[in-house]
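Enquirer: For reference, the structure I am asking about is given below.
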Amino acid sequence: MADSAEKEKLIEHLCKLSAIRLSSEEKQKLASELERIIGYVQRIQSINTEGVNPTRGGTETPLELREDKPKEPLNREDVITTAPDTFCDLFRTPPILEE
Numbered sequence: 165m166a167d168s169a170e171k172e173k174l175i176e177h178l179c180k181l182s183a184i185r186l187s188s189e190e191k192q193k194l195a196s197e198l199e200r201i202i203g204y205v206q207r208i209q210s211i212n213t214e215g216v217n218p219t220r221g222g223t224e225t226p227l228e229l230r231e232d233k234p235k236e237p238l239n240r241e242d243v244i245t246t247a248p249d250t251f252c253d254l255f256r257t258p259p260i261l262e263e
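Remember, the numbering used here sits 164 above the position in the sequence shown when you count from 1.
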């Protein structure tokens with residue numbers, strides 16, 4: 165992946181983007197998991213696929229959709245209390261566009 169400082173910077177950036185807080189142990193675990201994922205993707209990319217026809221999915225089985233069934237909504241108060249930042253009972257998110 166990268167050196168230790170670059171890994172730490174990447175993990176901090178991912179945490180900021182996803183608006184989550186992780187302990188140092190969780191960050192170390194995430195860095196390790198990301199290294200394994202990137203290694204796996206690199207292995208897949210190295211496979212010679214010349215002559216293999218592209219597919220839409222893993223099987224030729226048609227997609228079967230389930231029937232929509234109404235459920236009880238989540239309790240608004242419970243949901244709001246789990247948000248990292250709120251204002252007037254609404255989720256507050258960081259701006260994504262710079263002025």
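Yeah, the Cβ is synthetic: ideal placement off N, Cα and C, and Gly gets one too.
Got a sec, what are the start and stop residues for the alpha helix (DSSP H) Gly222 sits in?
Expert: To locate residue 222, count along the sequence shown from 1; it is residue 58. Per DSSP, Gly222 belongs to no alpha helix (DSSP H) and is neither H nor E.
Enquirer: Going by DSSP, which residues form a beta bridge with Leu254?
Expert: Counted from its first residue, the sequence shown places residue 254 at position 90. According to DSSP, which records beta bridges pairwise, Leu254 is partnered with Phe251.
Enquirer: With DSSP collapsed to three states, give me the class of Glu189.
Expert: Counted from its first residue, the sequence shown places residue 189 at position 25. Three-state DSSP puts Glu189 in a helix.
Enquirer: Kindly indicate the opening and closing residues of the alpha helix (DSSP H) around Ile266.
Expert: For residue 266 there is no data in the structure shown, the boundaries of the chain being 165 and 263.
Enquirer: Below 8 Å on the Cβ atoms is my guess for Ala195 versus Ile211; work out the distance and round it to an integer in Å.
Expert: Locating residue 195 in the sequence shown gives position 31, where the first residue counts as 1. Locating residue 211 in the sequence shown gives position 47, where the first residue counts as 1. With 8 Å as the limit, Ala195 and Ile211 do not qualify as a contact, their Cβ atoms being about 26 Å apart.
Enquirer: Cα separation between His177 and Thr250?
Expert: By one-based count along the sequence shown, residue 177 stands at place 13. By one-based count along the sequence shown, residue 250 stands at place 86. Whole-angstrom Cα-Cα distance: 21 Å.
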